[in-house]
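**Student:** Residue numbers (full-length UniProt numbering): 1 to 195.
Think of the CB as a built atom: it goes at the ideal place given N, C-alpha and C, for glycine as much as any other residue.
1. What is the DSSP secondary structure of residue 158, reduced to helix, strand or coil?
2. Quick check on residue 57: buried or exposed, where buried means 16 or more other Cβ atoms within 10 Å of its Cβ?
3. Check residue 190 in the structure and name its three-state DSSP category.
4. Quick check for students: name the residue ranges of the beta strand (DSSP E) that lie wholly in the UniProt domain "Cyclic nucleotide-binding" (30-118), counting only runs of 3 or more.
5. Have a look at 175, 189, 162, 36 and flag the residue whose alpha-carbon is nearest the alpha-carbon of residue 197.
6. Are the beta-carbon atoms of residue 91 and residue 61 separated by less than 8 Å?
7. Tell me whether the beta-carbon of residue 104 lies closer than 8 Å to the beta-carbon of residue 40.
8. Are the beta-carbon atoms of residue 111 and residue 50 separated by less than 8 Å?
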């Protein structure tokens, strides 16, 4: 494997085989970028024209409401891809912010270079189809959980899934992610401590 690209190549080769030449071509299309905590990968109103593979760190995507409250849609950690897919697919201004929660290193793949990749190595369409299906399934499960599970169970799932980075999120951000108000979340934590 190509030095410095092991995480992304391991991710890809779990799903599709790549020759050494294909690995080199794929890696030549990627651009490494580092973000500081609270730095934006994407701002509301910008058109998303790239996907970001998280090498290290963590990002969140969120939708601000009219009162300035953020509603977290996605938390992406190492070995995950992140983008505003609606903006990416339809070439429309994003309604989301994507922000680094902690210092984060990503590998960026522009929409244009992804098309070059599909043209040169068609198997990558299969790879991105698999990722899209999995992302859709995770999103659907999250909606199902919000509609059917008590808040305390959603919080426990959050802690299990994001145990390494849970401390990087404020109580308000966790409340947003699990779909409750900060006041309810605070009462829930007090009740949980006393039980």
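**Tutor:** Answer, in terms of the structure:
1. As a position in the chain shown, residue 158 is number 158, starting the count at 1. Helix, per DSSP.
2. Taking the chain shown and counting its residues from 1, the one referred to as residue 57 is at position 57. Classification for residue 57: buried.
3. Translated into the one-based positions of the chain shown, residue 190 becomes position 190. In the structure shown, residue 190 sits in a helix (DSSP, three-state: H, G or I).
4. At a cut-off of 3 residues, the continuous stretches assigned as beta strand (DSSP E) that sit fully inside the UniProt domain "Cyclic nucleotide-binding" (30-118) are 31-35, 40-42, 50-56, 58-64, 70-77, 97-100, 104-110.
5. Because the chain in this structure spans residues 1 to 195, residue 197 falls outside the shown range and cannot be described.
6. To locate residue 91, count along the chain shown from 1; it is residue 91. To locate residue 61, count along the chain shown from 1; it is residue 61. Result no, Cβ atoms of residue 91 and residue 61 do not sit closer than 8 Å.
7. Reading the chain shown from its first residue, position 104 is the one you call residue 104. Reading the chain shown from its first residue, position 40 is the one you call residue 40. Contact: no.
8. Within the chain shown, the letter at position 111 stands for residue 111. Within the chain shown, the letter at position 50 stands for residue 50. Yes, the Cβ-Cβ distance between residue 111 and residue 50 is below 8 Å.
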